[in-house]
Amino acid sequence: MRKTSSVALVFAVVGIVFILVGNLAGQLKAQQPTVQAPKPAASGQVPGGRGGPAPAPKKHLLVVGMTRGFHHGSTSDGLAMFWNLGKESGVWDTEIKTDMEWITNKQPGSEAHSLPFFDAVAFVNCTGDWKLDDEQKQALLAFVRDAGKGIVLAHASIDANYNWPEFAEMAGGWFNAHPWNTFDAPVIVEDQSFPAMQHFPRRLRLYDEMYSAKQWSRDRVNVLMRMDESQLDYSNPQVAARARQDKDEAIAWAKTYGKGRVFYSSLGHTKEAWEDPAVRKMYLEAVKWVMRRTEGSTASHPKVN
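Numbering of the sequence shown is given in the working numbering, commencing with residue 141 and proceeding in unit increments.
Take a look at the structure:
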């Protein structure tokens with residue numbers, strides 16, 4: 141009798157344990173969060189993101205630092221600046237060349253590129269005769285005029301191709317002289333609404349070698365910056381002879397050439413210029429503008445004081 145009671149007691153205890161374990165398992169299951177399969181990203185959303193617009197695909201920038209005339213010691217600084225701006229901003233990838241091999245529509249090699257691959261070209265102090273053959277010349281002109289791409293001409297890159305009139309037409313003008321050499325130039329920003337000018341005050345001083353250009357006209361470009369002629373020293377006869385007779389010394393402009401966009405700035409003679417945050421910002425916005433990431437006027441206008 142006592143043995144039967146012991147067996148019954150064991151079964152009762154085991155039953156109670158099973159009941160308790162079952163209740164505990166049910167409670168734990170109820171506390172588990174429900175995991176749902178991820179929904180497909182809606183149009184314009186980034187998978188795994190917070191529902192914002194998808195980032196625009198990166199553009200491609202070719203930066204050329206070839207010299208056949210005067211060599212600027214700051215050219216490497218300029219090339220590095222464009223590479224770094226692309227890396228920091230995420231707007232473009234950069235390919236750097238010190239020759240004109242990729243200024244062509246021909247495919248130069250399996251890992252090489254030609255103009256159709258790029259969205260813009262930045263020329264950094266590319267002086268002298270570039271010695272482009274006829275195919276290369278037409279490819280560069282068509283890159284801007286017909287394909288609607290863009291070019292940025294930094295400092296001495298208009299001191300080039302004097303036997304190629306179409307280059308000056310596309311660029312907006314040629315280098316003529318630097319009457320004041322490198323100095324603390326008085327500058328007026330004429331179009332503060334232009335993306336590459338918005339961070340500058342209306343009037344400022346910029347230490348650089350400012351060019352006096354020829355073959356350009358206000359009727360064909362939007363003058364973004366000019367030197368303040370009222371503060372320039374014309375007392376030296378040699379300076380007066382080399383400066384423009386109308387004393388209209390534009391040092392940055394924007395223009396169109398056919399369907400494409402062109403930006404020029406005299407800034408970039410010194411190593412310090414390429415490290416100046418304001419100059420870097422200007423060239424960042426210039427590249428974005430010629431790549432059509434931003435909008436800015438190219439309308440001509442009279443002098444703005």
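Heads up, the beta-carbon is just placed ideally off N, CA and C, and yes, glycines get one too. No experiment lies behind these values; they were computed from the predicted model shown.
Close-in-space but distant-in-sequence residues of the same chain around residue i (CB under 6 Å, 5 per side omitted)
i: Ile236; result: Val203 and Leu219
i: Phe283; result: Leu255 and Lys289
i: His325; result: Note on residue identity: the sequence assigns Ala, not His, to residue 325. Here the set comprises Leu346, Met350 and Met367.
Exposure label - residue i; buried when at least 16 CB within 10 Å
i: Tyr374; result: exposed
i: Glu217; result: Before going on, a small fix: residue 217 reads as Asp here, not Glu. When all chains shown are included, Asp217 counts as buried.
i: Ala196; result: exposed
i: Ala381; result: exposed
i: Asn321; result: exposed
i: Gln332; result: exposed
i: Phe257; result: exposed
i: Asn376; result: exposed
i: Gly213; result: exposed
Where residue i falls: helix, strand or coil (DSSP)
i: Val284; result: helix
i: Trp429; result: helix
i: Asn224; result: helix
i: Thr215; result: helix
i: Tyr423; result: helix
i: Leu202; result: strand
i: Pro193; result: strand
i: Ala413; result: helix
i: Glu389; result: coil
i: Phe257; result: helix
i: His441; result: coil
i: Ala252; result: coil
i: Asp274; result: helix
i: Ser405; result: strand
i: Ile243; result: coil
Alpha-carbon spacing of residue i relative to residue j, whole angstroms
i: Phe315; j: Trp414; result: 20 Å
i: Arg384; j: Ala194; result: 49 Å
i: Pro180; j: Ala260; result: Since pLDDT at Pro180 reaches only 44, below the 50 mark, its modelled position is unreliable, and the value read off the structure follows with that caveat. Cα-Cα distance, rounded: 35 Å.
i: Ser116; j: Ser250; result: Past the boundaries of the shown model lies residue 116; the chain is included only from 141 to 445, so the question cannot be answered.
i: Ala300; j: Thr207; result: 10 Å
i: Gly398; j: Ala353; result: 22 Å
i: His318; j: Lys411; result: 18 Å
i: Val231; j: Ala426; result: 12 Å
i: Asp348; j: Phe210; result: 16 Å
i: Leu293; j: Asp388; result: 20 Å
i: Leu201; j: Leu344; result: 30 Å
i: Ala165; j: Arg433; result: Reliability of the predicted coordinates at Ala165 is poor, the pLDDT of 45 falling under 50, and no value is obtained from them.
Other residues of its chain near residue i: CB distance less than 7 Å, five sequence neighbours each side excluded
i: Ser254; result: Trp242, Thr244, Asn245, Lys246, Gln247 and Pro248
i: Thr238; result: Gly205 and Met206
i: Glu330; result: Val363, Leu364, Met365, Arg366 and Val444
i: Tyr302; result: Trp314
Neighbourhood of residue i by C-beta distance below 8 Å, restricted to the same chain and skipping five residues each side
i: Gln338; result: Gln332 and Glu425
i: Glu275; result: Thr244, Asn245 and Lys246
beta-carbon residue i near the ligand SAM non-hydrogen atom, thresh 8 Å
i: Lys395; result: Absence of the ligand SAM is noted for the structure shown, with no ligands found whatsoever.
*asked:* Just to confirm the assignment: which complete alpha helix (DSSP H) runs, minimum length 4, are found wholly within the segment 307-387?
replied: As for any alpha helix (DSSP H) of minimum length 4 sitting wholly inside the segment 307-387, the runs are 377-382, ordered along the chain.
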